[in-house]
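4 protein chains.
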Amino acid sequence: MIVVMRREAKPENIEAVVGRVKELGFRAHLSAGEERTIIGIIGDERHLNESVFRTMDGVERVVRVVKPFKLASRDFHPHDTIVAINGLSIGAKRIVIMAGPCAVESREQIMETALAVKEAGAHILRGGAFKPRSSPYSFQGLGYKGLELLAEVREETGLAIVTEAMAPAQVAAVGECADIIQIGARNMQNYNLLHAVGELGKPVLLKRGMMCTMEELLMSAEYILSHGNYRLMLCERGIRTFETYTRNTLDISAVPVLKQLTHLPVIVDPSHAAGDWQWVTPLSMGAVAAGADGLLIEVHPHPDKALSDGTQSLRPARFAQLVAKVRQVALAVGREV
Amino acid sequence: MIVVMRREAKPENIEAVVGRVKELGFRAHLSAGEERTIIGIIGDERHLNESVFRTMDGVERVVRVVKPFKLASRDFHPHDTIVAINGLSIGAKRIVIMAGPCAVESREQIMETALAVKEAGAHILRGGAFKPRSSPYSFQGLGYKGLELLAEVREETGLAIVTEAMAPAQVAAVGECADIIQIGARNMQNYNLLHAVGELGKPVLLKRGMMCTMEELLMSAEYILSHGNYRLMLCERGIRTFETYTRNTLDISAVPVLKQLTHLPVIVDPSHAAGDWQWVTPLSMGAVAAGADGLLIEVHPHPDKALSDGTQSLRPARFAQLVAKVRQVALAVGREV
Amino acid sequence: MIVVMRREAKPENIEAVVGRVKELGFRAHLSAGEERTIIGIIGDERHLNESVFRTMDGVERVVRVVKPFKLASRDFHPHDTIVAINGLSIGAKRIVIMAGPCAVESREQIMETALAVKEAGAHILRGGAFKPRSSPYSFQGLGYKGLELLAEVREETGLAIVTEAMAPAQVAAVGECADIIQIGARNMQNYNLLHAVGELGKPVLLKRGMMCTMEELLMSAEYILSHGNYRLMLCERGIRTFETYTRNTLDISAVPVLKQLTHLPVIVDPSHAAGDWQWVTPLSMGAVAAGADGLLIEVHPHPDKALSDGTQSLRPARFAQLVAKVRQVALAVGREV
Amino acid sequence: MIVVMRREAKPENIEAVVGRVKELGFRAHLSAGEERTIIGIIGDERHLNESVFRTMDGVERVVRVVKPFKLASRDFHPHDTIVAINGLSIGAKRIVIMAGPCAVESREQIMETALAVKEAGAHILRGGAFKPRSSPYSFQGLGYKGLELLAEVREETGLAIVTEAMAPAQVAAVGECADIIQIGARNMQNYNLLHAVGELGKPVLLKRGMMCTMEELLMSAEYILSHGNYRLMLCERGIRTFETYTRNTLDISAVPVLKQLTHLPVIVDPSHAAGDWQWVTPLSMGAVAAGADGLLIEVHPHPDKALSDGTQSLRPARFAQLVAKVRQVALAVGREV
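Protein chains in written order, with our numbering: chain A, 60 to 396; chain B, 60 to 396; chain C, 60 to 396; chain D, 60 to 396.
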């Protein structure tokens, strides 16, 4: 941590900062520049609260030097984490494709979709039983009944299941039915929920909040990792910007940046980012070319009858075309589907 | 709801949309323009899923005509809601000032702060027992012990208490100790939590998510109102933008816009928006001049020793100056403190 | 400037950075922390290009320590700049009110508006002759003819004039007619235009770009100041965010932050920020309470017939009410109108 | 255009709107819904100013139905525009690669870079003579001397040249030396400059402003097209968001969205978006996989000595690897380099 003193700081201000640094068990290193003095603090700054110094007289700014995440960082864990699920290795050579409807709506709907996406080449079935909806008047998911339907489909099709838990109290039940517990974008900083999935130890897909930086995503990952659960995947699903043609802006740069910062697999969800099925295929191709380890795609057999997010759902036939195109791109970058 | 057809839409596309409208129990009203046809749908669009139409052939765009919130809207509830707490009327002539530390840290710290803010003119004490922190390595609050301390302070000082609940399981305990349950910005769309505080019926302070629109804030309010809990206040606390001098950007326009859209009281939290105590006083004055019904201000007797958010905390003496200045502005706009 | 080395940086990487620092005529100051080494560079960093170091092996990050602006900074110019125009002192006790239509449309329209805003208490008339419009199909302003009309109105009413120059070639003509040359938000980083108004030496109102940081605004101010033109005012007019109820988001915090960073007067334009006349009065009151030195308000005698921006224009009677309310707030904060 | 009346609008308000519609030469089409009346306006809305209606009593909202751009739209020009330059066809099967330094710094530097990028497979040389820089203290480019150097390099290497014009007065000179005139992101809404390059008729590369929507980009394109200059390419170069790891956020979705909305070629500049050379190669691969027609890449033989933007510049050897990887992706999507 570096403390930048104001131009007009007095010697006693500098002494006070140095005194405080020592009091907290750290060492201080002064550097008197032409315009101002800077004070380097030596020790593990992750345990230092920067406002201690920012509130002192004569201090202009406090700069953190090291990244605030540790368990999620490649600095301390250089090799790629590979999450093994149901015979799949997420984060390895194969691009993993998770596909299915936004929400489980009925036995027929989820079974029809599961068979279709399996046939088209998907490895994992997605489908929400608990649905966070911005309106209380919208369909909120089938809840526990939806989990039962997912368990049935898993039994019959052999597909692994990824589905969302919205509250700590749902985590155990979701964990029994699902192979991967999804933490949705709106819950990325729901710390009680992060604790709960960290404790359970089952694989987790952590979606980036639409308002969250990559660093905050990694800090939320740190919550889960710090409970000893390393079976964790990150998911970029678009961030909120001023652009309105797409629902959110897919932050494709998050793929190479996260792959550099962290050892965790990076999945991309182009469906929620685009908000419109028409752009899902090119975005999927772009994501894989940029280095994504997997895709999360919304597919619905009858998008016009979907109870949620129909606009961004692909029909099974178009999804099959997507898989074929993504396969070509994967091969071009030394991966496979 | 209005369906805008594509320029090249065929007559059978238009017929299909009209057919679907009727099938869903609504009426359709066609308007053939020079370049394209638009179809007006007559009936309560809040129960219509727009993707039903967006996914149909020949459709370019679907536009909602009415606001998606109803209980929160002035259209159906024109008069100001006034929340009565402990002899105070929030939303009436008096500007209500809630002040206190970010977190309850100890009996001494919270009692010292309570006495100081009461002396300076605050009406309600704020202080977090459960703290959402982006880092698992930061102080997470005293939890239930913190609630006990708040209850003690309330007993001794007579100040009403506002404190945060982070999970449905904490709501009952928070409700026993607090006069107002705060829903934090990161939990604005934690629907299980909104259900829980809606059910409990105690007064709620709902903070706007830092990347949520006003409409989304009102939809989250709708969740609480739809459980019959009308003792609800909204709180603007800054939104996330590209500007970095301040921690977030206080959306001052939210004050007049929300006062026009909804009957609920609007509180402003300039401390979290600014992220630096130096700008809290002018922002408080600006908020009151623009029509805010109350302020939520961080005060700490020793900001440099605060376990969280020290940088944005005012010392009690400066807080007393803030109250004096805000009082002048309140009088100038026909209010009082 | 501080160079943060990577955790795995080798001694020769550190030596290379130090060597480069010396080669450029600066001094280096090493500080070996627990996890990594940081190198302080001593000398005037404004003349250092940070990519020199960011591209070297073993370097993780480069942090600037001093603000990049100098002439605009209070560090080197602590006292408030006061811009004297036509008997007015902008930046002093009196809140200066500039009002008028978005665009000059005809002799009748601009004269009628000028008389009305003068009567209501405005000090300066605004009105665009050259209009930047996002559509080539929209009214582009009367151009030089508009300047002539403004000159006539000035002659007849005695009001000072503020009007925009969009290109270097227009600067001389605008400078002849106007008391203040406005640089619009879209041109905040049109450096050729900044040079031109810097050279001319007439008072300048520099509007913040809708997606520019305060630091970038001050850097653009630096362009003008570096040509010796200190008769400069800054104008906050809303920034682009994800919120859509208002056209832009008025960054009210920019008022106290800029007043702290710079000695230049700060004007607020709530009309462009809000995009709707209904919110202009409360935002004006908020801006003055937060410390603004002046307001820039759109007024049109017949908003429904305005050729541009009618929605955000106040009718003269409402503008007169705004001035009365702003006057009360000004008195409450020790200013006057 | 659709006018949505307020819930409480009176019959005379509706009549007044209808009367105004007719007065302006359009036809009105009423649709009385359950909660409110909507009025469809029939005629070419591009010539209608929406504030005419927004300012009338009883009006809640005005919704545009058609896109505001026409010449840039596929609706009126369904086939891809192909820009022929120096034997290249931009917008056809071949992915066009433009590469070179941020700025022309010296004869040696630009010649060395030109030969290196040509050898690696680039088709066009980029290099700025006029440089928009946010600081007046930074290198501003060699100006006309830089144009001469570019002309020499073009003569010797046979590479086509793309370089920026910052002001109308520079357009003729830039047009003499360059094959493509670049309009930089900060000038996307510098309408005087757009007029000037529209008039000249030489090929133009129009960069999206970092604060501009796709619709605004297409409106700026419309300015150039409306002068009869159809030799126009669009360039996505990153937009400003809250994320700070990358300098800007590459809006990869702009590629498929723009390809659908417009017939103009779409080029991607990953160097300015990323702000760091490390992420340029994966972003280039992603852009081509998503459908981009070309790339604009910064290359410098000695990034640590570059006078601007060194951090994001690739060394020639790395650029050659980029071209090889992009070629593989291009083949996988049915294109070629």
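Think of the CB as a built atom: it goes at the ideal place given N, C-alpha and C, for glycine as much as any other residue.
Gln-387 of chain D to Leu-320 of chain D span [Cα, whole Å]: Going by the C-alpha atoms only, they are around 27 Å apart.
Chain C contact for Glu-94 of chain A (CB, 7 Å cutoff): Chain C, which has a Cβ nearer than 7 Å to the Cβ of Glu-94 of chain A, makes this yes.
Residues, ordered as in the chain, of the stretch 291-309 of chain C that lie near chain B by beta-carbon distance below 7 Å: Under the 7 Å Cβ criterion, the stretch 291-309 of chain C contributes Ile-298, Thr-300, Phe-301, Glu-302, Thr-303, Tyr-304, Thr-305, Thr-308 and Leu-309.
Residue-level contact to chain D via CB, Ser-90 of chain A, 7 Å cutoff: Closer than 7 Å: no.
Bounding residues of the beta strand (DSSP E) (the contiguous stretch that carries Thr-222 of chain A): It spans 219-223 - the beta strand (DSSP E) in which Thr-222 of chain A sits, taken as one unbroken run.
Counted within 10 angstroms of its Cβ, other Cβ atoms place Ser-301 of chain B as buried (16 or more) or exposed: Strictly speaking, residue 301 of chain B in this sequence is Phe, with Ser absent from that position. Burial call: buried.
Proximal residues of chain D, C-beta to C-beta of Met-270 of chain C below 9 Å: Those are Gly-268, Met-269, Met-270, Cys-271, Ile-298 and Arg-299, listed as they occur along chain D.
Segments assigned beta strand (DSSP E), at least 3 residues, entirely inside the stretch 201-275 of chain A: Here the runs fully enclosed are 219-223, 239-242 and 263-266.
Chain C contact residues for Ile-61 of chain B, given Cβ-Cβ distances below 9 Å: Within chain C, no residue comes near Ile-61 of chain B; the closest Cβ sits about 18 Å away, beyond 9 Å.
The stretch 110-129 of chain C: positions lying closer than 7 Å to chain A by Cβ: So the list reads Val-122, Val-124 and Val-125, given in the order they occur along the chain.
Glu-104 of chain C to Asp-134 of chain C span [Cα, whole Å]: Taking the CA atoms as reference points, Glu-104 of chain C sits about 15 Å from Asp-134 of chain C.
Neighbour list for Leu-342 of chain D in chain A, Cβ cutoff strictly below 8 Å: Within chain A, the residues placing a beta-carbon under 8 Å from that of Leu-342 of chain D are Ile-311, Ser-312, Pro-315 and Ala-349, ordered along the chain.
Contact check, Ala-349 of chain A vs Val-325 of chain A, beta carbons under 7 Å: In this structure, Ala-349 of chain A lies away from Val-325 of chain A, with their beta-carbon atoms at least 7 Å apart.
Option in D:Ala-231, D:Pro-375, D:Leu-265 and D:His-88 with minimal Cα separation from Val-62 of chain D: For the residues D:Ala-231, D:Pro-375, D:Leu-265 and D:His-88, the minimum Cα distance to Val-62 of chain D belongs to D:His-88.
Interface flag, Gln-229 of chain A vs chain D, CB-CB below 7 Å: No, Gln-229 of chain A does not count as interfacial toward chain D.
Euclidean distance between Cα positions of Glu-67 of chain D and Lys-129 of chain B: One C-alpha to the other measures close to 15 Å.
For Ala-346 of chain A, the nearest candidate out of A:Lys-384, A:Glu-281, A:Ser-194 and A:Ala-91 (CA to CA): Taking only the C-alpha atoms, the option nearest Ala-346 of chain A is A:Lys-384.
Limits of the unbroken alpha helix (DSSP H) element including Ile-169 of chain B: Where Ile-169 of chain B is concerned, the enclosing alpha helix (DSSP H) stretches over 166-179.
Min CB distance Asp-134 of chain C to chain A below 7 Å: Answer yes: the Cβ-Cβ gap between Asp-134 of chain C and chain A drops below 7 Å somewhere.
Touch test, the stretch 325-334 of chain B against the stretch 186-197 of chain B, Cβ-Cβ under 8 Å, three pairs minimum: Output reads no: the stretch 186-197 of chain B does not touch the stretch 325-334 of chain B.
contact_flag[the stretch 353-364 of chain C, the stretch 156-163 of chain C] where n(CB pairs < 8 Å) is 3 or more: The stretch 353-364 of chain C, when compared against the stretch 156-163 of chain C, does touch it at the 8 Å Cβ threshold.
Nearest-angstrom Cβ-Cβ length linking Gly-399 of chain A and Gly-99 of chain C, presumed shorter than 8 Å: What the structure shows of chain A is the stretch from 60 to 396, and residue 399 of chain A is not part of that stretch, so it cannot be assessed.
Identity of the residue in D:Tyr-203, D:Asp-238, D:Gln-229 and D:Ala-224 nearest Glu-214 of chain D by Cα: The residue with the shortest Cα to Cα distance from Glu-214 of chain D is D:Asp-238.
Chain-ordered chain C contacts of Asp-103 of chain A [CB-CB under 7 Å]: Residues of chain C with a Cβ closer than 7 Å to the Cβ of Asp-103 of chain A are, in chain order, Glu-93.
Cut-off 8 Å between Cβ atoms - residues of its own chain near Gly-84 of chain D, not counting five sequence neighbours on either side: Excluding five sequence positions before and after Gly-84 of chain D, the CB atoms of its chain that fall closer than 8 Å to its own CB belong to Gly-102, given in chain order.
Bridge partner(s) assigned by DSSP for Met-292 of chain D: Bridge partners of Met-292 of chain D: D:Leu-264.
Per-residue burial, Gln-248 of chain A [other beta carbons within 10 Å of its own, 16 or more giving buried]: Residue burial is scored here from C-beta neighbours: Gln-248 of chain A has at least 16 other C-beta atoms within 10 angstroms and is therefore classed as buried.
Selected residue, minimal CA-CA separation from Thr-96 of chain D, among B:Met-60, B:Arg-65 and B:Gln-241: Thr-96 of chain D has its Cα closest to that of B:Met-60, out of B:Met-60, B:Arg-65 and B:Gln-241.
Spatial neighbours of Ala-244 of chain D in its chain, beta-carbon cut-off 7 Å, leaving aside the 5 residues before and after: Closer than 7 Å at the Cβ level, and outside the excluded window around Ala-244 of chain D, lie Lys-266, Arg-267, Gly-268, Met-269 and Arg-296.
Val-371 of chain A versus A:His-361, A:Phe-378, A:Thr-340 and A:Asp-335, residue with shortest Cα-Cα distance: As written in the sequence, residue 371 of chain A is Gln, which differs from the Val given in the question. Per the Cα distances, A:Asp-335.
Alpha-carbon spacing of Glu-178 of chain C relative to Leu-277 of chain D, whole angstroms: Each residue's alpha carbon lies about 43 Å from the other.
His-106 of chain B: contacting residues in chain A (beta-carbon distance under 7 Å): Correct list: Tyr-196.
Chain C contacts from the stretch 169-201 of chain B (Cβ-Cβ distance under 8 Å): Those residues of the stretch 169-201 of chain B that come within reach of chain C (Cβ to Cβ, closer than 8 Å) do not exist; the list is empty.
Where the alpha helix (DSSP H) containing Leu-107 of chain A begins and where it ends: Element bounds for Leu-107 of chain A: n/a, residue is neither H nor E.
Cβ-Cβ separation, Ile-242 of chain B to Val-221 of chain B (assumed contact under 8 Å), whole Å: In fact, because the Cβ distance is near 11 Å, the residues do not count as touching under 8 Å.
Per DSSP, cross-strand counterpart(s) of His-88 of chain D: His-88 of chain D is bridged to D:Gly-99.
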